[in-house]
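These notes are about the structure you will find just below.
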Amino acid sequence: MYVKNLLTTLMLAFMVIIAKGSDDLPPLSVKGKHLVDDKGNPVTLHGVMDTPNRYFNGWRWQGWKPGYNGEDVEPCLNYFEKLFKALTNHDQGAYCTVFRLHLDPCWTNDPNLPLVGDGGEHNISQFSQMRLGKYWKTLIPQHFDLN
Numbered sequence: 053m054y055v056k057n058l059l060t061t062l063m064l065a066f067m068v069i070i071a072k073g074s075d076d077l078p079p080l081s082v083k084g085k086h087l088v089d090d091k092g093n094p095v096t097l098h099g100v101m102d103t104p105n106r107y108f109n110g111w112r113w114q115g116w117k118p119g120y121n122g123e124d125v126e127p128c129l130n131y132f133e134k135l136f137k138a139l140t141n142h143d144q145g146a147y148c149t150v151f152r153l154h155l156d157p158c159w160t161n162d163p164n165l166p167l168v169g170d171g172g173e174h175n176i177s178q179f180s181q182m183r184l185g186k187y188w189k190t191l192i193p194q195h196f197d198l199n
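Start counting the sequence shown at 53; every next residue gets the next number (our numbering).
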């Protein structure tokens, strides 16, 4: 139960941090089960979710190749820069206020570590704290003001 509550709190905090990066949103906080503005009014966020994974993006930013490393960062950033601009362009009727970017295990898992048990998304035996830190700092802050 503690882990579930912690993960829920972290997810909500992350959503608020991302929402603060938008230029037309008031400061947000959590009241009960709602996000509210600084006057206590409930706020509805309009957003989308994507993942920086070549396969799930239909190979739009890079063709197949084994692994994800430093040379994959620039094509990924270029793709998402275009996507962010399109989703937030009020001139064309897009009013996205939140973009949830899932940092896919392809960036956080180290394929050189031994795989323990069955493979798949549920297996975290190849998770690398070093890769998480490296690619979190490389892929995320360019688009969001995290202060």
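For every residue, glycine included, the Cβ atom is placed at its ideal position computed from N, Cα and C.
Check                                                                                                                                 : Outcome
Contacts around residue 88, its chain only, beta-carbon distance under 8 Å, and the 5 residues preceding and following it disregarded : 80, 81, 82, 94 and 95
Straight-line gap, residue 150 to residue 113 (C-alpha atoms, nearest Å)                                                              : 22 Å
Rounded C-alpha distance that separates residue 73 from residue 90                                                                    : Its pLDDT being 47, under 50, residue 73 is placed unreliably in this model, and the coordinates cannot settle the point.
Cβ-Cβ distance between residue 102 and residue 153 below 8 Å                                                                          : yes
Alpha-carbon spacing of residue 160 relative to residue 179, whole angstroms                                                          : 6 Å
Backbone secondary structure at residue 140 - three-state DSSP                                                                        : coil
Where the beta strand (DSSP E) containing residue 83 begins and where it ends                                                         : 81-83
Range of the contiguous beta strand (DSSP E) that encloses residue 191                                                                : Element bounds for residue 191: not the beta strand (DSSP E) but the alpha helix (DSSP H), 181-191.
Assumed close pair residue 105, residue 158 - CB separation to whole angstroms, cut-off 8 Å                                           : 5 Å
Simplified DSSP state of residue 88, which is helix, strand or coil                                                                   : strand
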